[in-house]
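Working notes for the structure below.
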Amino acid sequence: MPDNPSGMATVQQPNPKTPPILTPGDLTPAILRKWHEACRVYAMHRELDADKQVSRVAWGMQDDRMADWYRSDQERIDKLSLSAYIDEMKTLYLRHDWEEDLRDEILNSTQGDGLFWDWVNRVQSMNALLKGTVSHFTDVTLRFHFEAHIHPDTKRYCRKETKNLKALDFKSWINAVRLLDEERVHDKKKQTDAINDALRRQGQRPRAQVQSSTTTASVPPRSNTNAANNTRLPALTEAERALLMKYSGCFGCRKFGVNHRHANCSERPDPTGYKTLSEADVPPHLKAPGSMAATSHAPRPVAAVNTATVEEVVEDDAPPRPVAVVMPSCILGDGSDSEPELLDNGAHMLLLSPTCVPIFFSVDLSSHIIILFSITRTAPV
Numbered sequence: 008m009p010d011n012p013s014g015m016a017t018v019q020q021p022n023p024k025t026p027p028i029l030t031p032g033d034l035t036p037a038i039l040r041k042w043h044e045a046c047r048v049y050a051m052h053r054e055l056d057a058d059k060q061v062s063r064v065a066w067g068m069q070d071d072r073m074a075d076w077y078r079s080d081q082e083r084i085d086k087l088s089l090s091a092y093i094d095e096m097k098t099l100y101l102r103h104d105w106e107e108d109l110r111d112e113i114l115n116s117t118q119g120d121g122l123f124w125d126w127v128n129r130v131q132s133m134n135a136l137l138k139g140t141v142s143h144f145t146d147v148t149l150r151f152h153f154e155a156h157i158h159p160d161t162k163r164y165c166r167k168e169t170k171n172l173k174a175l176d177f178k179s180w181i182n183a184v185r186l187l188d189e190e191r192v193h194d195k196k197k198q199t200d201a202i203n204d205a206l207r208r209q210g211q212r213p214r215a216q217v218q219s220s221t222t223t224a225s226v227p228p229r230s231n232t233n234a235a236n237n238t239r240l241p242a243l244t245e246a247e248r249a250l251l252m253k254y255s256g257c258f259g260c261r262k263f264g265v266n267h268r269h270a271n272c273s274e275r276p277d278p279t280g281y282k283t284l285s286e287a288d289v290p291p292h293l294k295a296p297g298s299m300a301a302t303s304h305a306p307r308p309v310a311a312v313n314t315a316t317v318e319e320v321v322e323d324d325a326p327p328r329p330v331a332v333v334m335p336s337c338i339l340g341d342g343s344d345s346e347p348e349l350l351d352n353g354a355h356m357l358l359l360s361p362t363c364v365p366i367f368f369s370v371d372l373s374s375h376i377i378i379l380f381s382i383t384r385t386a387p388v
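So that you can map any letter, position 208 of the sequence shown is 215 in this note's numbering, and since no number is skipped, the others follow by simple counting.
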């Protein structure tokens with residue numbers, strides 16, 4: 008029975024002058040190579056003649072299958088050279104397709120994210136196991152494979168040194184590419200450290216506080232009993248929405264008198280210490296009689312249609328809420344009759360008489376865009 012859970016044999020040799028031991032278990036090309044090397048080291052230190060080497064090491068095979076094979080044909084096996092003895096073990100105890108498996112493993116190997124040096128050494132070790140077979144790779148073939156499968160960044164470094172690298176032999180080429188690959192890793196680490204340092208500095212920078220008035224006579228501040236644990240920005244109230252729409256505000260940054268809308272706004276108020284918006288928060292210049300915000304809803308002596316306002320009201324935390332839409336009849340002017348109600352299913356907007364309004368419906372704010380428009384009823388001059 009194998010001595011380890013993997014079911015594979017192991018090679019044990021306390022010191023070079025001690026006969027090696029091959030524990031019970033299956034063999035692989037790498038294990039058999041270790042067994043061969045251990046036998047050679049022992050024979051060299053004991054200065055054994057070639058015809059006595061196999062007889063002195065074969066008794067170290069502890070696997071019952073191998074021991075039975077040796078004892079049943081000991082006289083013939085003892086006369087074999089050490090290399091011929093190992094070749095017979097390859098034929099008897101390795102998978103018949105081991106050579107193809109090893110060759111495919113080499114051809115499929117790439118450097119990946121590891122070091123070039125580690126990858127090259129691993130591939131060369133596997134190729135050494137193929138020595139003496141038709142699948143063994145020459146230095147030229149290995150070099151072509153390495154050049155094609157090195158890390159893309161290392162390849163770019165090599166392109167800058169193409170002329171110098173082409174003049175090098177295989178071993179010198181490996182050492183030169185090793186240095187370029189280590190330079191690539193060093194540069195990548197410096198870049199990553201710089202990015203992480205910048206991110207840390209950015210995270211330590213205090214966030215901008217929203218400037219708001221402490222006077223909240225019209226609407227009291229929103230209470231939040233979980234302020235210590237909840238840093239989410241409160242959803243806008245209906246009063247806040249109306250205030251922002253009245254003074255050309257943005258539902259995203261919640262600022263008044265801006266020329267953008269929620270859809271193209273990336274700024275958000277700091278939820279820490281946020282207070283409900285009120286009239287007191289509106290800048291004085293927006294309340295002035297001549298300002299666009301103050302005069303946008305004044306009566307006109309002729310029929311007027313307010314510019315349709317398209318406002319995306321999607322909020323991360325806002326639940327669906329009812330929205331009232333009022334659509335009065337169209338008034339052409341002083342002394343004019345009202346046009347009859349119009350219901351055109353093919354039009355992009357509907358005009359309904361006052362008898363049909365107000366109409367209430369629910370809109371899922373997480374997946375809709377609300378288009379607000381109105382036709383202003385004019386007053387006589």
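Cβ atoms here follow ideal geometry from the backbone N, Cα and C, with glycine treated the same way.
Assigned secondary structure, residue i (DSSP; H/G/I helix, E/B strand, else coil)
i	result
I157	coil
Q19	strand
L29	strand
G14	coil
H355	Confidence in H355 is poor, its pLDDT being 46 and thus under 50, which makes the residue's placement too unreliable to answer from.
Proximity of residue i and residue j at Cβ, strictly below 8 Å
i	j	result
P21	V64	no
L149	M133	no
G256	L250	yes
Q69	I38	no
T169	R191	no
T283	E247	yes
F153	I113	no
A50	V18	no
H43	I93	yes
8 Å CB neighbourhood of residue i in its chain, flanking five on each side removed
i	result
F177	D146, V147, L149 and R150
Y164	L187, D188, E190 and R191
K197	none
W180	R150 and L172
Spatial neighbours of residue i in its chain, beta-carbon cut-off 6 Å, leaving aside the 5 residues before and after
i	result
W126	Q118
L87	V61
A16	L29, T30, G32, L34 and I38
Between the CA atoms of residue j and residue i - distance to the nearest angstrom
i	j	result
V184	A91	39 Å
R239	P278	6 Å
R208	Y281	25 Å
D288	S273	21 Å
R261	A205	29 Å
D75	H103	21 Å
K195	R166	18 Å
E54	P12	36 Å
T98	D80	16 Å
G210	N203	10 Å
D129	H269	It is worth fixing the name first, because residue 129 is Arg in this sequence and not Asp. Near 57 Å, if we compare the C-alpha coordinates of H269 and R129.
G121	D71	41 Å
A295	N266	18 Å
S285	A201	44 Å
Integer-rounded CB distance, given that residue j should sit under 8 Å from residue i
i	j	result
D85	S116	With a Cβ gap of about 40 Å, D85 and S116 do not count as contacting.
V48	P31	With a Cβ gap of about 22 Å, V48 and P31 do not count as contacting.
L34	L101	6 Å
L89	Q131	Contact doesn't hold; Cβ gap of about 24 Å is too wide.
F263	P290	6 Å
Beta-carbon proximity list for residue i, same chain, < 7 Å, skipping 5 on both sides
i	result
E106	L137, T140 and S142
G14	G32 and D33
L175	A183
Y77	A65, M68 and I84
K41	V18
A354	Note that A354 scores a pLDDT of 45, beneath 50, so its modelled location is shaky; the value from the coordinates is reported in the next line. Excluding positions up to five away in sequence, the list is empty.
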